[in-house]
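One structure is given below, encoded as C-alpha cells.
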Amino acid sequence: MICVMLSQRLTCRVGRAVSGSAEIIRDLVEGGGSILVIGPPGVGKTTLIREIARILADDQKKRVVIVDTSNEIGGDGDVPHSGIGRARRMQVPNVHLQHNVMIEAVENHMPQTIIIDEIGNRTGSISCQYNRTKGVQLVATAHGITIESIIKNPSLQTLVGGIESVTLGDEEARKRKVQKTILERKGPPSFTCAVEMISKTECRVHHRLDATVDAILAGKSPLFEVRHLDAEVCRKDLEVNNLARSAQPTEEDHAVEAKATIGTTEETKVESDSEEEYYYPKSKKVSSSVSVSKKSYPLYVYTYKIQEADLLQVAAVMGLEEKIDATDDIGCADAILASSYEMKQNPWIRGVAKFHQLPVFVYKSTTMAQMVKAVRMILGMDSFSSVQKQSNRTSSDIEIEDDEPIRKPSLEEIDALEEVRLAIEYIVIPGGEPVELLPRRSEIVARQLELVKSYQLAVKNSGTDSNPRLQILPQKLNKKTSKTSSSFVKYVSPKSSVAGGGGATSVVRLPFLPE
Numbered sequence: 001m002i003c004v005m006l007s008q009r010l011t012c013r014v015g016r017a018v019s020g021s022a023e024i025i026r027d028l029v030e031g032g033g034s035i036l037v038i039g040p041p042g043v044g045k046t047t048l049i050r051e052i053a054r055i056l057a058d059d060q061k062k063r064v065v066i067v068d069t070s071n072e073i074g075g076d077g078d079v080p081h082s083g084i085g086r087a088r089r090m091q092v093p094n095v096h097l098q099h100n101v102m103i104e105a106v107e108n109h110m111p112q113t114i115i116i117d118e119i120g121n122r123t124g125s126i127s128c129q130y131n132r133t134k135g136v137q138l139v140a141t142a143h144g145i146t147i148e149s150i151i152k153n154p155s156l157q158t159l160v161g162g163i164e165s166v167t168l169g170d171e172e173a174r175k176r177k178v179q180k181t182i183l184e185r186k187g188p189p190s191f192t193c194a195v196e197m198i199s200k201t202e203c204r205v206h207h208r209l210d211a212t213v214d215a216i217l218a219g220k221s222p223l224f225e226v227r228h229l230d231a232e233v234c235r236k237d238l239e240v241n242n243l244a245r246s247a248q249p250t251e252e253d254h255a256v257e258a259k260a261t262i263g264t265t266e267e268t269k270v271e272s273d274s275e276e277e278y279y280y281p282k283s284k285k286v287s288s289s290v291s292v293s294k295k296s297y298p299l300y301v302y303t304y305k306i307q308e309a310d311l312l313q314v315a316a317v318m319g320l321e322e323k324i325d326a327t328d329d330i331g332c333a334d335a336i337l338a339s340s341y342e343m344k345q346n347p348w349i350r351g352v353a354k355f356h357q358l359p360v361f362v363y364k365s366t367t368m369a370q371m372v373k374a375v376r377m378i379l380g381m382d383s384f385s386s387v388q389k390q391s392n393r394t395s396s397d398i399e400i401e402d403d404e405p406i407r408k409p410s411l412e413e414i415d416a417l418e419e420v421r422l423a424i425e426y427i428v429i430p431g432g433e434p435v436e437l438l439p440r441r442s443e444i445v446a447r448q449l450e451l452v453k454s455y456q457l458a459v460k461n462s463g464t465d466s467n468p469r470l471q472i473l474p475q476k477l478n479k480k481t482s483k484t485s486s487s488f489v490k491y492v493s494p495k496s497s498v499a500g501g502g503g504a505t506s507v508v509r510l511p512f513l514p515e
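Note that full-length UniProt numbering numbers the sequence shown so that position 464 is 464, with each residue one more than the last.
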C-alpha cells in the first residue's frame, strides 16, 4: 500500500498490513473501551490501528469508520486497501478539516467505532470529546512518548481531560497533605484506556486513563501493565508492574534522592555552594518565602536541560504568565531552575550561579506538581519559614519547611480546637456573649489560646492552676492589650510545661488580660 501526499513536495510512504499486530491489546479492543495509542514516529501506531480496524469490522461485525487524515491507513486510491477489512474509510481533504470529518462521521454514518489517525491539534481533541458524548468507541493515535508528554502538550490536553489550577482550603490541603495550589484534571478524558508503544513488540497499558492522569498531576507514579508480544508464537506475555516506570532504583537514583529536592509533599530545599550543596548568595536578603528579591515583573528563570514550554505552561495554568518568564541568557536571569541530577553531573552551574549571584532551585523530576511548587517558590507565594544552617564551610543551606504538618494532632486536641472555633463563630462573635470552655490539659489550653488570639479576641483563665480553663470574651484584642498582658505573666511554651524527673509537674501559666 503506497500513500502519496502532494503539496509543495512529493512524499511517498509504503504502509504494511501486518496480520496479528493487534493481538497484544486484543482484549482492550474487544472490551469496547476507547483506546488512545501513544508513541514516537515509526514505532508502529498506524499499523496497529489498521489491524484494529480490521478486527472490529470483520471479526466483531461492527460498523467501523476510519477518519484517514493522511491516507496512511487505507491508502489514497479510490478503493481502500484490503488490510482494513469491511471498515469504511473517510478521506480528509485537508488536515485542518479533520474535526469536521469526525463530526460528519458521527452524524451521517451511524458508526459504532471511529478510527482516527494522528490527532495533532486542539480542534481534533475537542472533536474527540464531542464524539465521546455520543457513545461511540474511539481508537486514535497521537505523537508522544508517554501520557505525561500529552498532558504537557496544550493542543492535546483535552484528550486526557485537560488540566486546571485549583486552590484548596487550609483544612482540605491539610487533609490531603499537599500544598494549597495544585493541578487537577478538568474533566473526564476522551478515552478510557491508553497504550504507550515502546516498540513494535512491547507496550505499556494504562487500563484507567483518568486514574493515571490524576496520579501524574499529583506527582505520584501511575499503575500500568507491561506487555510483550512473542513474534514466533504470537502470544502475550503479561507482566503486571505495580511500581513506577523505574521499578528497580539505580545507584544514581539513590544519589539523587540523597539530595534536597522540590517535591509535592517532600521537604524542599534551596541548595548552597559546596560539594553536595548549591549556591545561594549571602549578599541577597533571604526572606521567609525564599523568593527572588525583585520588585518588577516578570521574573526571568534560566532553565537548564528543561523545556521552557513546561515552565510557561504551568505558569499559564496558574494564571501567573505575566509574573514569570523563561530566558536562555543566564546573565539576564533572576533565578536558575535545574534538576538535581543535572546539578550533580554539571557542577559548573554552581560556579556560574555564584558569579552572577543567582539562587538555584533544584527539583527531582519534571512532574506537574513539582513544577507548580517551583513556580510558587520562585515567586515567593508559599509562606515557608526558612532556617539557615551554619556548616563547617562558609556556605549557607536554606531549608524550607514541608507542607505537611510536623506533628499529627491527637483527637483530644482536634476536639478542643473545634470547641473553640464553634464557640467563637456561633456564640461570641454573633451573640456577643462570653463562653467558658471545658477544662483541658495545659498543653491543649495553650493551643486553644493561640487559636483564640488568631481571632483577635480577648480571653482569660477562669480555672485554677491545676485545672486551667479558658473563658472567651466578646472583646477585640488590640496591640496595646496584648503588650500589657505579656508584662503580667510570662508565657511558658507547651514543651517546657512538664518538668523532667519524678512525678512533679509544673502547670503552664496563662496570660491574664487587664480589666
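Just so it is clear, CB atoms sit at the ideal spot from N, CA and C, and this is done for glycine as well. Here the structure is a predicted model, which means the values were calculated and not measured.
Residue range of the alpha helix (DSSP H) that includes residue i
{"i": "residue 370", "result": "368-379"}
{"i": "residue 47", "result": "45-54"}
{"i": "residue 28", "result": "26-31"}
Nonlocal neighbours in the same chain, by C-beta distance under 6 Å from residue i, ignoring five residues either side
{"i": "residue 57", "result": "64, 85, 86, 87"}
{"i": "residue 448", "result": "416, 420, 470"}
{"i": "residue 124", "result": "98, 99"}
{"i": "residue 168", "result": "180"}
Per-residue burial, residue i [other beta carbons within 10 Å of its own, 16 or more giving buried]
{"i": "residue 211", "result": "exposed"}
{"i": "residue 19", "result": "exposed"}
{"i": "residue 422", "result": "exposed"}
{"i": "residue 328", "result": "exposed"}
{"i": "residue 94", "result": "exposed"}
{"i": "residue 307", "result": "exposed"}
{"i": "residue 373", "result": "buried"}
{"i": "residue 148", "result": "buried"}
{"i": "residue 189", "result": "buried"}
{"i": "residue 430", "result": "exposed"}
{"i": "residue 355", "result": "exposed"}
{"i": "residue 10", "result": "exposed"}
{"i": "residue 357", "result": "exposed"}
{"i": "residue 347", "result": "exposed"}
{"i": "residue 46", "result": "buried"}
Neighbourhood of residue i by C-beta, 7 Å cutoff - its chain only, sequence neighbours within 5 removed
{"i": "residue 111", "result": "63, 64, 65, 105, 136"}
{"i": "residue 352", "result": "330"}
{"i": "residue 242", "result": "Legend: pLDDT at residue 242 = 40, less than 50; position of this residue unreliable, value from coordinates given subsequently. Answer for residue 242: 223, listed in chain order."}
{"i": "residue 131", "result": "102, 106, 114, 138"}
Sequence-distant residues of the same chain with beta carbon closer than 8 Å to residue i, five excluded per side
{"i": "residue 471", "result": "434, 435, 436, 437, 459, 460, 461, 462"}
{"i": "residue 444", "result": "412, 413, 416"}
{"i": "residue 67", "result": "90, 92, 98, 101, 102, 105, 114, 115, 116, 117"}
{"i": "residue 476", "result": "456, 457, 458"}
{"i": "residue 193", "result": "28, 33, 34, 35, 36, 205, 206, 207, 208, 209"}
{"i": "residue 317", "result": "163, 164, 165, 183"}
{"i": "residue 134", "result": "106"}
Assigned secondary structure, residue i (DSSP; H/G/I helix, E/B strand, else coil)
{"i": "residue 404", "result": "Reliability of the predicted coordinates at residue 404 is poor, the pLDDT of 46 falling under 50, and the value obtained from them is presented with this limitation in mind. The answer is coil: DSSP assigns residue 404 none of H, G, I, E or B."}
{"i": "residue 418", "result": "helix"}
{"i": "residue 476", "result": "strand"}
{"i": "residue 122", "result": "helix"}
{"i": "residue 145", "result": "coil"}
{"i": "residue 467", "result": "coil"}
{"i": "residue 110", "result": "coil"}
{"i": "residue 158", "result": "helix"}
{"i": "residue 184", "result": "strand"}
{"i": "residue 132", "result": "helix"}
{"i": "residue 83", "result": "helix"}
{"i": "residue 68", "result": "strand"}
{"i": "residue 137", "result": "strand"}
{"i": "residue 179", "result": "coil"}
{"i": "residue 115", "result": "strand"}
{"i": "residue 14", "result": "strand"}
{"i": "residue 127", "result": "helix"}
{"i": "residue 74", "result": "coil"}
{"i": "residue 152", "result": "helix"}
{"i": "residue 60", "result": "coil"}
N-terminal and C-terminal residue of the beta strand (DSSP E) that residue i is part of
{"i": "residue 198", "result": "193-199"}
{"i": "residue 214", "result": "Careful: residue 214 lies outside any beta strand (DSSP E), inside the alpha helix (DSSP H) at 209-217."}
{"i": "residue 228", "result": "224-230"}
{"i": "residue 202", "result": "202-206"}
{"i": "residue 170", "result": "Where residue 170 is concerned, there is no enclosing beta strand (DSSP E), although the alpha helix (DSSP H) it sits in stretches over 170-176."}
{"i": "residue 166", "result": "163-167"}
{"i": "residue 36", "result": "35-39"}
{"i": "residue 91", "result": "88-91"}
Beta carbon proximity, residue i to chain C, threshold 8 Å
{"i": "residue 172", "result": "The structure shown contains no chain C, having only a single protein chain."}
Can you check the stretch 292-363 for any alpha helix (DSSP H) of at least 4 residues that lies completely inside it and give the ranges in chain order?
Along the stretch 292-363, the alpha helix (DSSP H) occurs as fully enclosed runs of 4 or more residues at 308-317, 340-345, 348-356, listed in sequence order.
Start-end ranges of the alpha helix (DSSP H) lying completely within the stretch 434-461, minimum 4 residues:
The DSSP assignment places 442-454 as complete runs of the alpha helix (DSSP H) inside the stretch 434-461, in order along the chain (cut-off: 4 residues).
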